[in-house]
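One structure is given below, encoded as structure tokens.
2 protein chains.
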Amino acid sequence: MNIKEASEKTGVSSATIRYYEKESLIPTIDRSEVGNREIDDRIIRRINFVKQMRAAGMSIENLRRYIELFDDQEDTTKAEISLLKEQMAAMEEKRDDLQAAIDHLHFKLDHFYDHVQSSEEELRALEREHQDKIKHDKD
Amino acid sequence: MNIKEASEKTGVSSATIRYYEKESLIPTIDRSEVGNREIDDRIIRRINFVKQMRAAGMSIENLRRYIELFDDQEDTTKAEISLLKEQMAAMEEKRDDLQAAIDHLHFKLDHFYDHVQSSEEELRALEREHQDKIKHDKD
DNA sequence: ACTTGTGTTAAAGTGCACTTTGAGGTTTAG
DNA sequence: CTAAACCTCAAAGTGCACTTTAACACAAGT
């Protein structure tokens, strides 16, 4: 499979696939006689993994650190696990932030339907109330 | 309250508060006689709102568009609601992406504990399996 | 009088994650 | 034989969201 097909299959642009390879987020890709990349399913899976982690907000650098450890055959397991755990905690926090924002917007949306005429002041009061609720939930 | 106190209270740097004001993400802040910003609780709440939405991945531009509509007294309710809904859908998708990534990492983590000796090949197979599972869950 | 700590502004700089460009090489269809 | 459609690389450019810098102002403490 050439890079264009891989791009279509993964939804990651050719330029970005080349960039990920250069940045060691995916393994070095084998080349054809004339030097073109020949992409197999293993690489496709790695691209999708990178895509998933990027979508989840993992930085290129953290991703590279993780992959580096993962790809080393050595007993880096402990370091790897702690990095993984750290990253997951960050993701879970981010997911919770997202959920809080979603809740906040849901709350607003509900109030639009209840009484569309609400003044800005009323909305602010509601917002304040909601902020307090969120604060409480965290406690 | 001066800008430094506001910064400490919100965890948003002074420079960023000024930037948010310039970008109309928060209302124009009243000034003291000498021209310093005097920040009240209304502004604090607006800063926290921006902070929350930013943490949830809403872009400055979308946030500005939303706030613009919200701050207009006019009957822009419908436009506002559709923008809100759009943004929420995007956030929910992002949250789900995040959850998928978390699941993926949880899966890996579990397998580290199960058999630390797993070869790269085995891990790849497991990864593949897990990808398939995710794919199925989406269907 | 001077240092410290705060504030102001516009403008330039930064870091990340790509994206585009430019100059070239090969393969296939007409 | 040439044009289209793919590929290569390194390097420069882009957009976002800040952050830093520079130059100045003001108020309080020693």
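Chains as they are written, first to last, in the UniProt record's numbering: chain S, 1 to 139; chain L, 1 to 139.
Built from N, CA and C at the ideal position, the CB exists for glycine as well.
Got a sec, what are the start and stop residues for the alpha helix (DSSP H) residue i sits in?
i	result
I17 (chain S)	14 to 22
residue 144 (chain S)	The shown model of chain S, from 1 to 139, leaves out residue 144 (chain S), and the question about it has no answer.
V50 (chain S)	41 to 55
For residue i, count the other beta carbons within 10 Å of its own beta carbon; 16 or more makes it buried, fewer makes it exposed. Which is it?
i	result
Q73 (chain S)	With a pLDDT of 46 at Q73 (chain S), under the threshold of 50, the modelled position of that residue is not reliable, and the figure given next carries that caveat. Result: exposed.
S13 (chain S)	exposed
I40 (chain L)	The sequence shown places Asp at residue 40 (chain L), not Ile. That one is exposed.
K22 (chain L)	exposed
T10 (chain L)	buried
S59 (chain S)	exposed
A6 (chain L)	buried
E120 (chain L)	Note that E120 (chain L) scores 36 on pLDDT, short of 50, meaning its location in the model is unreliable and no value can be drawn from it.
Quick check on this structure: which residue in the options has the alpha carbon closest to the alpha carbon of residue i?
i	options	result
R31 (chain L)	L:F49, L:T10, L:N62, L:I3	L:I3
G57 (chain L)	L:I26, L:E68, L:A90, L:N48	L:A90
R64 (chain L)	L:K94, L:Y19, L:S24, L:Q99	L:S24
I67 (chain S)	L:I26, L:M1, L:L105	L:L105
R46 (chain S)	S:I102, S:I29, S:A101	S:I29
Q52 (chain S)	L:V50, L:L98, L:M1	L:L98
I102 (chain S)	L:D103, L:A100, L:A101, L:K94	L:K94
G96 (chain L)	S:A55, S:E61, S:I26, S:L69	This sequence places Asp at residue 96 (chain L); Gly is not what is there. Closest option to D96 (chain L), Cα to Cα, is S:A55.
E8 (chain L)	L:N48, L:P27, L:I26	L:N48
Are at least three pairs of beta-carbons, each pair with one atom in the stretch 22 to 41 of chain L and one in the stretch 84 to 99 of chain S, less than 8 Å apart?
-> no
Contacting positions in the stretch 36 to 64 of chain S - beta carbon closer than 8 Å to chain L = R42, R45, N48, F49, Q52, M53, A55, A56, G57, M58
Using a Cβ-Cβ cut-off of less than 8 Å, list which residues of the stretch 87 to 98 of chain S approach chain L; keep chain order.
-> Q87, M88, M91, E92, K94, R95, D97, L98
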